[in-house]
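Student: Counting in the numbering used here, the sequence shown runs from 5 upward without gaps. Let me give you the structure first, and then I'll get to my questions.
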Amino acid sequence: MKAEPAAKTELSPTSGLNARVRELVAQGRDISVLTAGEPPGPPPEHVREAAARAARAPDGHGYGPPAGLPELREWVAAAGAADGDRVGAENVVVTGGAKAALFATFLALLAPGDGVLVPTPAWPTYGHSVRLAGGRTVTVPTTAATGHQPTEELLERQHDDGIRLLVLCVPSNPTGAVLAPRRLREIGAWCARRGVTVVLDQVYGRLSWVEETEPAAQVLRSAGAETIVVDGVSKTYAMTGWRIGWLVAAPPVAAAVTAVVSHIANHPNRVAQVAALAALRGDQEPVAELRRHLLANRERLGRAFAAVPDLVDHHEPEGTFYAFPSLAPLLRRRPDLPDAGAVARELLDEAGVAVVPGGSFGAPDHVRLSFVEPADAFERALHRMIGHFRH
Ligand SMILES: Cc1ncc(COP(=O)(O)O)c(C=O)c1O
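Structure follows, in structure tokens:
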């Protein structure tokens, strides 16, 4: 019998949106694209140089260790150790992006039907990835009233005996919220009591404006929670297409994940691993520059939205390059628009601005817009967006 697609999952909603944007651009429309999940790039020059050298080297072309190149694992471990974590290379597994680290973790740790708590609004991949791995997603709805942060009480409400993991994204895609240390401590203690392991997604960890007194992983671990940290070079160094991420976990977990990845990709591309190490070790000024750029755009956004409380309810993001305003005020004024998806369609077709509707993140009244665009293009997008609903 012919193999039929098992339809286990689907492409992300942003891929459909991006296809529509490409169609409009091909028709000659000038579109302001605020859907980007990546900095404009390119990666720093020394990173590209390191990759070119690695590609030309006569050795280093063969298979490497499934957990990743030892020097990269050691660097990641040493950075963790500098933050107060007692970790070594045996705690680190390098993967083809943070996305692959998450999926391999779920594959390695979840038995069929095991539950994973996911506070929402959340990046949709968590749910898809958990389900693909045979697990069960249990959402923990949060609201703007609690700063989009989960609390012990909210977690307890959704807990059941099959729950194994809790996913935390700090700073959060899509809300930009950063969990306060007090809240993290409370969550860590709850997880320790309930025997729930935290999967802490830190891919935006270096793009935060909150003064970090103690790294999030350390707060969770010192509260007694077993914690798996997922991170990567994509967002910090404009290396999204180079596909390098990693996880830092207790050695038995790292070994289980290594076994899983050894049967999938074996290990990520060696040249990209060398480049990732160059990014981590090298001059960090490009990261500082990206942060300054994002901070300036965040202020532009804050000023623009503060002037239109009848259209949006905006909470300033504390990290990432996303804002996640509620459109509830606009939706009240425009009953013909049922949700933010309809607003996003109107914005794209009539004002030429692409934003991501919040429905797939679990927040149908919100939109996510990214503020990585150059200042003038970003100003123009804001002007178009606000101007459209003003008339
Ligand atoms: C919250 C979050 N985690 C992980 C990732 C994946 O990053 P990577 O490019 O390292 O796979 C993304 C990318 O959009 C993200 O938004």
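Cβ coordinates follow ideal geometry from the N, Cα and C atoms, glycine included. Predicted model only: the values in this text are computed from it and were never measured.
1) Compute the minimum distance between the beta carbon of S238 and the heavy atoms of ligand 1, and state whether it is under 6 Å.
2) Can you list, in chain order, the residues of its chain whose CB lies under 6 Å from that of A283, leaving out five sequence neighbours each side?
3) Nearest CA to the CA of G180: which residue from R197, S212, V98?
4) Taking DSSP as the reference, what is the three-state secondary structure of A346?
5) Between which two residues does the beta strand (DSSP E) holding W250 run?
6) Are there any heavy atoms of ligand 2 lying less than 6 Å away from the beta-carbon of D205, as far as the coordinates show?
7) Using a Cβ-Cβ cutoff of less than 7 Å, which residues in the same chain neighbour G151 once the five nearest sequence positions on both sides are dropped?
8) For W127 versus N177, is the C-beta distance shorter than 7 Å?
9) Just verifying my parser: in three-state terms, what is the DSSP assignment at L158?
10) Examine ligand 1 and report whether any of its heavy atoms sits within less than 6 Å of the Cβ of W250.
11) Would you check if the distance between the CB atom of V359 and the CB atom of L15 is smaller than 7 Å?
12) Take the Cβ of F66 as the centre, count every other Cβ of all protein chains shown within 10 Å, and call the residue buried at 16 or more, exposed below.
13) Do you know whose CA, among S36, L28, N22, lies nearest E377's CA?
14) May I ask which residues mark the beginning and end of the alpha helix (DSSP H) holding S405?
15) With a threshold of 7 Å on Cβ separation, who are the neighbours of H163 within its own chain once the five nearest residues in sequence on each side are excluded?
16) Would you kindly work out how many angstroms separate the C-alpha atoms of I191 and R336, rounded to a whole number?
17) Can you list the alpha helix (DSSP H) stretches of 4 or more residues lying completely in the stretch 222-285, in chain order?
18) Please find out if some non-hydrogen atom of ligand 1 comes closer than 6 Å to the beta-carbon of A311.
19) Under 8 Å Cβ to Cβ from E42, same chain only, skipping five residues before and after it: list those, please.
20) Quick check: A279 and A55, are their CB atoms within less than 7 Å of each other?
21) What is the C-beta distance between G101 and I248, in whole angstroms, given that I count them as a contact (C-beta under 8 Å)?
22) Does DSSP classify G101 as helix, strand or coil?
23) Are A355 and H392 close, meaning C-beta to C-beta below 7 Å?
24) Below 7 Å CB to CB, which residues in the same chain sit around R189 once its five sequence neighbours on both sides are set aside?
25) Have a look at P255 and G68 and give me their C-alpha separation to the nearest angstrom.
26) Find the nearest neighbour of V207 within the set R186, E8, L158, V252, judged by alpha-carbon distance.
27) Please confirm whether any heavy atom of ligand 1 lies closer than 6 Å to the CB of T179.
28) Can you check DSSP and say which residues form a bridge with D317?
29) Would the beta-carbon of S266 fall within 7 Å of that of P125?
30) Who are A137's beta bridge partners in DSSP?
31) What residues in its chain sit with their C-beta under 8 Å from that of D287, if we drop five residues either side in the sequence?
32) Checking contacts by CB at 7 Å: is T39 closer than that to chain B?
33) Which class does T150 belong to by DSSP, given the choice of helix, strand or coil?
34) If you draw a straight line from the alpha carbon of P175 to that of G166, how long is it in whole angstroms?
35) With a threshold of 8 Å, are at least 3 pairs of Cβ atoms found where one atom belongs to the stretch 305-317 and the other to the stretch 326-336?
36) List the DSSP bridge partners of R453.
Tutor: Taking the structure as given:
1) yes
2) V51, V237, Y241
3) S212
4) helix
5) Counting along the chain, the unbroken beta strand (DSSP E) around W250 starts and ends at 249-252.
6) Among the ligands in the structure shown, ligand 2 does not appear; only ligand 1 can be found there.
7) A181
8) yes
9) The three-state secondary structure of L158, taken from DSSP, is helix.
10) no
11) No, they are not a contact pair.
12) Phe is not the amino acid found at residue 66; the sequence shown has Gly there. Counting Cβ neighbours within 10 Å, G66 comes out exposed, since fewer than 16 surround it.
13) When the alpha-carbon of E377 is set against those of S36, L28, N22, the nearest one is in S36.
14) Outside the displayed span of the chain (5 to 395) sits residue 405, for which this structure offers no information.
15) Setting aside the 5 residues that flank it on each side, H163 is surrounded in the same chain by R198, each with a C-beta closer than 7 Å to its C-beta; the list follows chain order.
16) 35 Å
17) 255-266, 274-285
18) no
19) S238, K239, A242, T244, V376
20) yes
21) 7 Å
22) Note: G101 maps to coil in three-state DSSP.
23) yes
24) V223, A227
25) 19 Å
26) Of R186, E8, L158, V252, the residue nearest in Cα terms is V252.
27) Here the distance from the Cβ of T179 to the nearest heavy atom of ligand 1 is not below 6 Å.
28) S330
29) no
30) A137 pairs with nothing; no bridge assigned.
31) Cβ contact annotation for D287 (same chain, cutoff 8 Å, sequence separation greater than five): P48, H50, in chain order.
32) Judged by its chain identifiers, the structure shown contains no chain B, having just a single protein chain.
33) DSSP places T150 in helix when its eight states are reduced to three.
34) Looking at the two C-alpha atoms, the distance is approximately 27 Å.
35) yes
36) With the chain represented from 5 up to 395, any question about residue 453 goes unanswered, as that position is not in the structure.
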